[in-house]
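Protein chains in written order, with the numbering used here: chain B, 587 to 1089; chain F, 5 to 330; chain S, 329 to 609; chain C, 2 to 586. Idealized CB from N, CA, C, for every residue including glycine. Predicted model, so just to flag it, every value in this text is computed and none were measured. One structure is given here, and the rest of the page talks about it.
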Ligand SMILES: Nc1ncnc2c1ncn2[C@@H]1O[C@H](COP(=O)(O)OP(=O)(O)OP(=O)(O)O)[C@@H](O)[C@H]1O
Ligand SMILES: Nc1ncnc2c1ncn2[C@@H]1O[C@H](COP(=O)(O)OP(=O)(O)OP(=O)(O)O)[C@@H](O)[C@H]1O
Ligand SMILES: [Mg+2]
Ligand SMILES: [Mg+2]
Ligand code: NI
């Protein structure tokens, strides 16, 4: 069928985003909704190679230091003002460095950012940083209207409540606790686009309710964790729905058991290896995540640049685990307990809770007794970031490039108390630090790959964390809609080319 | 009711004192928890550096000493301002006001259904006491009383939405249907049926049991004998004499529970994705959105107090012995 | 006062109450012997996940991780009863002490205690319980504490009422005129006489506490180290459509237990309150 | 249903000989005049587990027009059950009429349809209950409650009904009937409520009025008015009145005929003069002998030594109904009270309900603190003493309470109850228990009673236990607050005798509080009359009763029912021979 204008799409959003100003908040739901309102300079395909967005073309100098972007010329903000390089400069030099921690780190690498004309922007780096090209996706560097924010208190700007972007959809109405209504941007710079007239994001707090809503056709799309893994198999059978796990290549999360190296006997890599051997990650994937995901071989997600496919993942081996513990001198006591550890599952839903329960039982088999601790999100963040834990579960996004999303977990200069998603384990290996630092500024792809391969081998032997799965998120989309998941950004895309099949 | 004004004034003073105590108590309680909203936002953003968290703290006023925060908070509440949710970037009152109608609609409907249904069923059971209809009502009431409310909700969804497809299962209205006027009302009512029934069922059971017990108590009283001695019809004795007296304790309990329905609706709002205050409260707990949480506590306490005052007023209407004021 | 045989006769006249007692006895036996009946930990993944009831080796089926539902119910009985009993005990301790003081001393003491009680009654109690558990992180202790904290005010009011009316009863005045101390009067004279209604409401409160715990678990605020019925329903509600048995059986266990406790409460009420017992039912 | 009201124009007293004759041979009544009610072999059975199988057994009597039939008998004898059966008001379903018939003007009420019975109820047969406080619906205006009756049984329109309500209220002697009809019951006094009940009963001009102890809950003065009201209305309308009471004074005052019941059986029936003055059945004789006699001829008390207790200018004001931000009503319960009690003296405190008798008694034992004044015990002021300082005096001053059912802790054994006081004062538990047994014997119970619980005793026995408890402390002063008001007359006599006996034996002083002047006359050396918190007259019994000085005292004495009737001397002699605890049944 040919794309035709018209139609309304209902998408689940859960939890409800706190706000839609993407520069100020980058929670998952915010990205999914605001990704239709705001835009970045680039977007990325499934291989994570850049695609044009607000920038229609770009060049990188051979020394890897100068990035020049050409902007589309007829782009307008939702309030009718033209989008120019002034807005890019404002966003990348003032707004984002002030409020967006990832962008702050990326643009801090620039020696200068300049705009030779209204539609050209030039980034000059202090030293080579090949990952820089992957820092321009809508959530990493959303473009913010300078005319509304220049010279204001960004966080308390009244415009935050009425986001103005350049995207194909505009915010019409937000009934808190109920739905967010986006309407077609009639002045979108690509003629004829978007196709859809309306997008409703519906807040449905209960997981079972979400599955039913999808099934009954009340909503057309779910993403990320909206559908609990056990519902996935059933929903896959529903005739009216398409199922995919694509579109998450950019975030590419890897989950793991985060281990506090400051606590004995967790500081001993034999102990961590024993844990690795004690658990059956296939079981975890199949029975807890219901087949969603792949066993992670090491720190890199296989879709992240620099992944080394030659690494063999650990396999369950209770004898090896016991041998390692014996070697450490941890003998079972009368009850068969060699050591007791506290596990605080991530409070992000029931699946993680189930995982905690599974781990408790598995580790019991090798003589490690586990006490489960429970927290809520706030308590969890506080305790993990302040190193007040023994073992927890966690996952992070890799943002396409090891320099953007992997190294932060393992390098020792990122051991920062009070900061979440840093090296909260307290793992420190000079070799690893060195390899990550060198690889980040290596322009030669082959050399870079070699360094990344080596760092992966070192890490897999050190087991700073016990990797679990390369996580996959299920996306269900009603078969009525086409062109939905097209890039590595997936559901956070602008949906400019999504269209409704004529019945 | 000449005494109404001083009565209300007295109650107001008392209410203010209680509310003040509640504000302080809640504030301290909530702040006793580990973690703060800045932490949560940092956690949910997926990446955060120290500057980010610091900025948030400063913006939320979390870097000030606790007693100062308390003073500030009490001060603003005294001015009728429930504060600002930085997390949600909106004034707390706006957030609550958005959700309040849905919750009120749910809880008040459930309340009315429960009260009317409960009193009717209880009366029916009491006047047929010892017969099968009494036993049936008693058993059903007991079951409703003993079943977890969320379980009832899930079962109803399974039956009426999934299997039979008669009623919508989630939300407040059909989103984007563009309905207006009566159609919209009908749509909302259809959405209301299951949650109201779920929430109301439990309370209906409570009131039915209370009414029954109360009638059995009252029907042995002397004045009922007097009414019989007058040669009145049984129906007149039941409705004109017994029920009116028997209903007093039900009113008292209902008055207390009416105010507490907001709390009870958390579960129902979760199961039915009802965009109400209970759900807002639960989310606020998890997100440590202090300002919102305190606001909800405040509003629901006010509800309880209002309900109590209303109960007392109703009581004086029904029972001439209680005088509003001297 | 009734003799104990009279008590049992009055109690046994209520058939529902006998039924309730029977069920609760079964639950208690289940709780006591859960370790013998199901020696494996209820968390143990003993079988394939999602086995329906009556399949081999799993009488009531297995859950999403292949844990035995029957084992969970047996072990969960322990937790549910424990939470119910302990939190009721704590609530009784707080409520009856405060109520007794308020009712016995009256005046300023009464006023202060009742205002304090009112404060707790003004905050919607389920919200308060949720907040308390969330804040102090879910564990059996925090759950018990939260349930007790939201449950004591009615008991305090009840005890106060009883003490208030008993305080002016002549046998209490006689105790005062014979020079007995306040403590003796409270504990020896008044308390035993106020016990009947308190026992009745306590038995009902156990039921309410079990329900409350299950509701907290439903919201994911249960103790992660303890198998409880509330947890089982809460964990299984999401798969209710694929696997009805996972939430059905523990739900049924809650329902039956709560129902039985209510029936027992009614039976006790009939037996301890002879005026009501005579009434037709 | 049964046609028009048939008036019997003969004057009340004139019909007496006729009925007197009929009582001898009931069958002859039918020929002379048709009885209104003819009860034949009425048997009412009680449910299993009750104290006896039948509430009423094989009861036969008639009620004629234009007469007052008094039904007497002790508590539980089946008086109320008879009345309720007549009205069709037996507590369904467990109490049932299982035998006999009840004819109203010749029609058997028990075989009538429910509709017919309803028309009878409140229309032809009306009833007044004992407890005026609870017999009216608290939530309905009294006028409406009366009107309801009219609505059911007459075809009057609204205005006519309203007029009739006012007329009825006027008839029963209520002030401001128009306003009063719009009042709620709680605003009326007990006497007023009982008048409303009577108005309600009279609303449809019934043929039969059944009054179940209508004055028992009222003060003597009020009782007098109500009795007069009932008698005048009865005479005016020639009704048949069945008047249930246990008070022989009341019987002597109003009865034409008397029926005596015991344990559900009718033991004697006959004209009032005959039953009162020449009772034949031993039970009737026993009852009459127990009636407290108006003036006992006792020796004057001679005061000796210093006053044991002296109350000086005691004042007590209660604030009722006050609250937060509200001022309540003030009730004066003690107004400048002065009173002395000498060793060995019994001072009687009499007066009507609410006059402040208990307040004074309780102030003396330290259960209540007056606002001002002094209470000197052996010269030491008890007021203003702290709890701890008061404690030594507890041994000297003890109290006996009114309600034998409420004054003993139901959860403690009798022995414990008696010994708790001494134990609290440091006595050895075993010794105290031994002493308790001795005391039980002293008050006429078996020592083994110590091992039983209070509920295993009758009212009279419990009151003995209460007395033993007070005595266990070896008091010198006993405050007895209406110690016999809750007891049946025969038991009352026994307890009074016991008190009198003990006080002589132990040389106790006593403050005896009662509202029954006849009782006071029997035991007190000195009488103090109280009214609205004030002692209006105080003096030796003989002079207060024989030559009352204060107007109010005279009113009180005047209100005592049945003064004209003297208990037959032979029965008084019999009474002297009664031993404590003995009972002819
Ligand atoms: N509702 C009832 N159920 C069972 N037995 C009853 C009931 N009411 C009264 N009785 C019993 O019936 C008998 C007669 O009671 P009734 O009330 O007629 O006595 P009474 O002569 O009116 O006594 P009183 O002077 O105390 O009013 C008593 O033995 C009493 O215990
Ligand atoms: N604790 C109290 N609080 C308020 N008012 C009281 C209290 N006790 C007694 N009164 C009032 O004081 C007045 C005198 O009461 P008191 O009990 O002394 O009367 P009484 O002469 O013993 O009457 P009765 O014969 O009814 O026992 C009454 O009007 C009563 O309502
Ligand atoms: Mg009676
Ligand atoms: Mg008194
Ligand atoms: Ni005798």
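Task: residue 942 of chain B versus residue 1029 of chain B - alpha carbon distance - done: Near 42 angstroms, if we compare the C-alpha coordinates of residue 1029 of chain B and residue 942 of chain B.
Open item on the list: Quick test of your reading: residue 1064 of chain B and residue 754 of chain B, contact by CB under 8 angstroms. State the CB separation rounded to the nearest angstrom.
Closed with: Actually they are not in contact, since the Cβ atoms of residue 1064 of chain B and residue 754 of chain B sit about 19 angstroms apart, beyond 8 angstroms.
- [ ] Taking 7 angstroms as the cut-off, decide whether the C-beta atoms of residue 963 of chain B and residue 931 of chain B are in contact.
- [x] Not in contact: residue 963 of chain B and residue 931 of chain B (Cβ atoms no closer than 7 angstroms).
Open item on the list: Looking at the strands, I want to know which residues DSSP matches up with residue 43 of chain C.
Closed with: For residue 43 of chain C, which the question treats as bridged, DSSP gives the partners C:60.
Open item on the list: Once DSSP output is grouped into helix, strand and coil, what is the label at residue 374 of chain C?
Closed with: DSSP, read as helix, strand or coil, puts residue 374 of chain C in strand.
Open item on the list: Is residue 82 of chain C a contact residue of ligand 1, with contact defined as CB to any heavy atom under 6 angstroms?
Closed with: Taking 6 angstroms as the cut-off, one finds at least one heavy atom of ligand 1 near enough to the beta carbon of residue 82 of chain C.
- [ ] Flag residue 124 of chain C as yes if its beta-carbon sits less than 7 angstroms from any beta-carbon of chain F, otherwise no.
- [x] It does: the Cβ of residue 124 of chain C has a partner Cβ on chain F nearer than 7 angstroms.
Open item on the list: At the level of alpha carbons, what is the spacing between residue 760 of chain B and residue 767 of chain B?
Closed with: Cα-Cα distance, rounded: 6 angstroms.
TODO: List the residues of chain S that residue 934 of chain B touches, going by C-beta distances under 7 angstroms, in chain order.
DONE: Neighbours of residue 934 of chain B on chain S: none; closest Cβ ~11 angstroms, over 7 angstroms.
TODO: Pull out every residue of the stretch 471-499 of chain S whose Cβ sits closer than 7 angstroms to any Cβ of chain B, in chain order.
DONE: Across the stretch 471-499 of chain S, no CB contact with chain B closer than 7 angstroms is found for any residue.
Task: Rounded distance between the beta-carbons of residue 1088 of chain B and residue 721 of chain B, thought under 8 angstroms - done: 40 angstroms between Cβ atoms; not a contact.
TODO: Kindly examine ligand 4 and report whether one of its heavy atoms sits closer than 6 angstroms to the Cβ of residue 364 of chain C.
DONE: Result no, Cβ not under 6 angstroms from ligand 4.
Task: residue 142 of chain C CB to nearest heavy atom of ligand 2 below 6 angstroms - done: Because no heavy atom of ligand 2 lies under 6 angstroms away, the Cβ of residue 142 of chain C does not count as near it: no.
Open item on the list: Please tell me whether residue 366 of chain C has its Cβ less than 7 angstroms away from any Cβ of chain S.
Closed with: Residue 366 of chain C counts as touching chain S.
Task: Of the listed residues C:428, C:304 and C:202, nearest to residue 506 of chain S (C-alpha basis) - done: Comparing Cα positions, the closest option is C:428.
Task: Per-residue DSSP class, three states only, for residue 395 of chain S - done: Residue 395 of chain S falls in the strand class under three-state DSSP.
- [ ] Tell me, please, whether the CB atom of residue 319 of chain C is closer than 7 angstroms to any CB atom in chain E?
- [x] Looking at the structure shown, chain E is missing, and the protein chains on hand are B, F, S and C.
Task: the stretch 6-19 of chain F touching the stretch 27-38 of chain F, judged by at least three CB pairs closer than 8 angstroms - done: A contact is defined here as three or more CB-CB pairs under 8 angstroms, and the stretch 6-19 of chain F fails this definition with respect to the stretch 27-38 of chain F.
Task: residue 60 of chain F versus residue 726 of chain B: straight-line alpha-carbon distance, rounded - done: Approximately 19 angstroms, taken between the alpha carbons.
Open item on the list: Just to confirm before moving on: does the CB-CB distance between residue 271 of chain F and residue 149 of chain F stay below 7 angstroms?
Closed with: Cβ atoms of residue 271 of chain F and residue 149 of chain F: not closer than 7 angstroms.
Task: Straight-line gap, residue 165 of chain F to residue 261 of chain F (C-alpha atoms, nearest Å) - done: Going by the C-alpha atoms only, they are around 29 angstroms apart.
Task: Residues bridged to residue 69 of chain C [DSSP beta-bridge criterion] - done: Answer by DSSP bridge pairing, in chain order: C:242.
Open item on the list: For the alpha helix (DSSP H) containing residue 314 of chain C, name the first residue and the last one.
Closed with: That residue, residue 314 of chain C, is in no alpha helix (DSSP H); its beta strand (DSSP E) goes 310-321.
- [ ] Spatial neighbours of residue 325 of chain C within its chain, please: CB distance less than 7 angstroms, with the 5 preceding and 5 following residues excluded, ordered by chain position.
- [x] Model confidence at residue 325 of chain C stands at a pLDDT of 48, short of 50, so the residue's coordinates are unreliable and nothing is read from them.
Task: Partner residues on chain C for residue 227 of chain F, Cβ-Cβ distance less than 8 angstroms - done: Those within 8 angstroms of residue 227 of chain F in chain C are 135, 136, 137, 138 and 139.
Open item on the list: With a threshold of 8 angstroms, are at least 3 pairs of Cβ atoms found where one atom belongs to the stretch 943-954 of chain B and the other to the stretch 912-927 of chain B?
Closed with: Contact check between the stretch 943-954 of chain B and the stretch 912-927 of chain B: three or more CB pairs, one atom from each, fall below 8 angstroms, which counts as touching.
Task: Own chain residues within Cβ distance below 7 angstroms of residue 24 of chain C, not counting five before or after - done: The pLDDT assigned to residue 24 of chain C is 40, lower than 50, so where the model puts this residue is not dependable; a value taken from the coordinates is nonetheless given after this. Once the five neighbours on either side are set aside, the close Cβ partners of residue 24 of chain C are 258, 270, 271 and 272.
Open item on the list: At a threshold of 6 angstroms, does residue 204 of chain C count as lining ligand 1 (C-beta to nearest heavy atom)?
Closed with: Flag unset: Cβ of residue 204 of chain C not near ligand 1.
Open item on the list: On the criterion of 16 or more Cβ atoms from any shown chain inside 10 Å, does residue 450 of chain S qualify as buried, or is it exposed?
Closed with: Note on residue 450 of chain S: 16 or more other CB atoms within 10 angstroms of its CB, so buried under the neighbour-count rule.
- [ ] Name, please, each residue of chain F whose Cβ falls closer than 9 angstroms to the Cβ of residue 565 of chain S.
- [x] Residues of chain F whose Cβ lies closer than 9 angstroms to the Cβ of residue 565 of chain S are, in chain order, 154, 155, 158 and 275.
Task: Cβ neighbours of residue 809 of chain B in the same chain (closer than 6 angstroms, five flanking residues each side left out) - done: Same-chain partners within the cutoff: 1061 and 1077.
Task: For residue 880 of chain B, the residue or residues it bridges with in DSSP - done: B:1056, per the DSSP bridge assignment.
- [ ] Assign residue 957 of chain B to one of three DSSP states: helix, strand, or coil.
- [x] Strand at residue 957 of chain B.
Open item on the list: Just to make sure I have the definition right: I need the residues of chain F whose C-beta is within less than 9 angstroms of the C-beta of residue 535 of chain S. Which are they?
Closed with: What residue 535 of chain S touches in chain F: 149 and 150.
Task: Rounded separation between residue 241 of chain C and residue 228 of chain F - CA only - done: Spanning the two alpha carbons is a distance of roughly 24 angstroms.
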